[in-house]
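The structure appears below as structure tokens.
Residue numbers (my numbering): 1 to 78.
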């Protein structure tokens with residue numbers, strides 16, 4: 001999952017060096033956190049959250065193939 005999110009996020013942002021993804025898993029559930037530069041938050045979230053929701057749907061399909069559940073959080077930079 002981590003590689004999938006990282007690939008898509010790096011393709012969307014202006015500063016791919018600032019993209020970091022952390023993944024934790026327990027009991028068949030995967031939690032993914034995506035960190036991007038402040039300037040790229042709009043590109044990742046998209047208008048009305050469409051890009052973020054599409055990324056979540058893509059991850060759900062990939063996780064379902066492995067028999068797992070996944071959540072994605074886009075973390076706001078400090």
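Beta carbons are placed, not taken as given, at the ideal position from N, Cα and C, and that holds for glycine.
query: Local Cβ density within 10 Å of residue 57, reported as buried at 16 or more and exposed below that; result: exposed
query: With 16 other Cβ atoms within 10 Å as the buried cut-off, status of residue 64; result: exposed
query: Contact check, residue 30 vs residue 74, beta carbons under 8 Å; result: no
query: Cβ shell of residue 32 (< 6 Å), same chain only, five flanking positions each side left out; result: 1, 5, 23 and 72
query: Rounded straight-line distance, which links the Cα of residue 37 to that of residue 17; result: 9 Å
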